[in-house]
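Take a look at the structure set out below.
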DNA sequence: TTCTTGACCTAGAGTTGCTCAAGGCCGGTA
DNA sequence: TACCGGCCTTGAGCAACTCTAGGTCAAGAA
C-alpha cells in the first residue's frame with residue numbers, strides 16, 4: 001500500500017512516517033517502479049508499534065536502537081524484549097503521574113467550587 | 118526563597134522556571150535588592166501546579182492563558198475551572214493510551230517469550 | 001585584603017521531534 | 001492538452017526546553 005494508507009492504518013502522519021524512515025526507524029520499506037514507497041503489512045505493524053511507543057513517551061534514540069535491532073532479525077529478540085520491558089516500567093511511572101495530577105486537580109477544583117458558592 | 122530551592126520544591130528545573138517566567142507563566146515573582154528572584158510559598162505552589170500540568174501534557178499556550186487568568190485574580194476562577202476540567206479529560210485520554218500500549222506490549226512480549234523458548 | 005568558590009543573572013545558541021512550505025514528477029481524467 | 005491529486009525531496013519553522021558564555025556579587029579561605 002502507499003504512504004497515506006500506511007498513515008491512516010498506523011496512526012502516524014504521512015510526514016512523520018517519512019521523517020521516521022529518514023531517521024532509520026523504519027527498515028524494509030520498498031519502492032515501486034515509480035519511485036514511491038510501498039508498505040507491506042509488516043511495515044504497517046511496525047509503524048503502529050512505533051506510534052504507540054512514541055505516543056507513550058519512548059525517546060527517538062531508544063526507538064532508533066530498537067529499530068536497528070529489529071533490522072538485524074531474530075537473534076536480537078532478547079535485547080528487544082529488554083527495551084519493551086523498560087518501556088512498560090515507564091508506562092507505570094506515567095500512570096502514577098496521571099494519578100498524582102488527578103489528585104491535584106481534584107483538590108484545586110474543590111477549592112474553586114467552594115469559592116464559586 | 119531562591120530559585121534553586123523553588124526548583125527542588127516544585128519539580129521544575131532552574132532553567133525551566135526562568136523560561137516560564139519569561140513566557141509570562143509565573144506572575145508575582147519578586148526580586149531582592151541584589152536583583153535575584155525571591156519566591157514566595159504562593160509562587161512555589163503555582164510552579165508545582167505548572168509542573169504537573171506540563172508533565173501530563175498541557176500545552177504552553179493553554180498554560181499561558183491559565184496564568185493570565187490567575188494573574189487577574191479571583192474573578193477568573195470560573196474560567197480557570199474550565200481549563201482544569203478540560204485537562205482532566207485529557208488525563209483520561211492519556212490513561213486510555215497507556216492501557217492500549219500496555220496491551221500491545223504484553224502481546225509483543227508474549228511473542229518474544231515464545232520465540233525465546 | 002585579595003583570592004576563590006558558588007549561586008545567581010541575561011542573552012543567545014543548540015536540541016528534540018516533529019510539521020509545513022516550496023517546487024517538481026507522474027498517472028489518470030475532462 | 002490541461003489540470004488534478006498524490007507522491008517526492010529539501011529545507012525552513014516551531015514548541016518546549018536545555019545548555020553555554022560571560023558577567024555580578026557575597027561569603028569564606030589564605
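Chains as they are written, first to last, in my numbering: chain A, 1 to 117; chain B, 118 to 234. Glycine residues also receive a C-beta, built at the ideal position from the N, C-alpha and C atoms.
Does residue 208 (chain B) have its Cβ less than 8 Å from a Cβ in chain A?
Within the second chain, residue 208 (chain B) is the residue found at index 91, counting from 1. Chain A contact via Cβ: present.
Who are residue 30 (chain A)'s beta bridge partners in DSSP?
Position 30 of the first chain holds residue 30 (chain A). Looking at the DSSP assignment, residue 30 (chain A) forms a beta bridge with A:38.
Would you please verify whether the beta carbon of residue 117 (chain A) is less than 8 Å from any beta carbon of chain B?
If you number the first chain from 1, residue 117 (chain A) lands on position 117. Chain B contact via Cβ: absent.
Taking the alpha-carbon of residue 90 (chain A) as reference, which of A:52, A:64, A:76, A:116 has the nearest alpha-carbon?
Counted from its first residue, the first chain places residue 90 (chain A) at position 90. Minimum Cα distance to residue 90 (chain A) is reached at A:52.
Under 8 Å between C-beta atoms, does residue 130 (chain B) make it to chain A?
As a working note, residue 130 (chain B) is residue 13 in the second chain. False, the Cβ-Cβ gap to chain A never drops below 8 Å.
Which whole-angstrom value is the C-beta distance of residue 39 (chain A) and residue 3 (chain A), which I expect to be below 8 Å?
For this step, residue 39 (chain A) is matched to residue 39 along the first chain. For this step, residue 3 (chain A) is matched to residue 3 along the first chain. The Cβ separation is near 7 Å, so the contact holds.
6 Å CB neighbourhood of residue 127 (chain B) in its chain, flanking five on each side removed:
Locating residue 127 (chain B) in the second chain gives position 10, counting from the first residue. Cβ neighbours of residue 127 (chain B) beyond the five flanking positions: 161, 164, 165, 168.
So, helix, strand or coil for residue 23 (chain A), using DSSP?
Position 23 of the first chain, counted from the first residue, corresponds to residue 23 (chain A). DSSP, read as helix, strand or coil, puts residue 23 (chain A) in coil.
is_contact[residue 162 (chain B), chain A] using C-beta, thresh 8 Å:
Reading the second chain from its first residue, position 45 is the one you call residue 162 (chain B). Taking Cβ atoms only, chain A never reaches closer than 8 Å to residue 162 (chain B), which makes this a no.
Residue 234 (chain B) classed as buried or exposed, judged by whether at least 16 other C-beta atoms fall within 10 angstroms
Indexing the second chain from 1 puts residue 234 (chain B) at position 117. Classification for residue 234 (chain B): exposed.
Is the beta carbon of residue 139 (chain B) less than 8 Å from the beta carbon of residue 131 (chain B)?
The residue labelled residue 139 (chain B) in the question sits at position 22 within the second chain. The residue labelled residue 131 (chain B) in the question sits at position 14 within the second chain. Not a contact, by the Cβ cut-off of 8 Å.
My assumption, with CB atoms under 8 Å, is that residue 220 (chain B) sits in contact with residue 97 (chain A). Please give the rounded CB distance.
Numbered from its first residue, the second chain carries residue 220 (chain B) at position 103. Numbered from its first residue, the first chain carries residue 97 (chain A) at position 97. Residue 220 (chain B) to residue 97 (chain A), Cβ: 20 Å. No contact.
Contact criterion: CB-CB distance below 8 Å. Does residue 40 (chain A) meet it with respect to chain B?
Locating residue 40 (chain A) in the first chain gives position 40, where the first residue counts as 1. Residue 40 (chain A) does not count as touching chain B.
Beta-carbon separation of residue 142 (chain B) and residue 118 (chain B) under 8 Å?
Position 25 of the second chain, counting from 1, holds the residue named residue 142 (chain B). Position 1 of the second chain, counting from 1, holds the residue named residue 118 (chain B). Cβ distance not < 8 Å, so residue 142 (chain B) and residue 118 (chain B) don't count as in contact.
Three-state secondary structure (DSSP) of residue 64 (chain A):
Locating residue 64 (chain A) in the first chain gives position 64, counting from the first residue. Helix, per DSSP.
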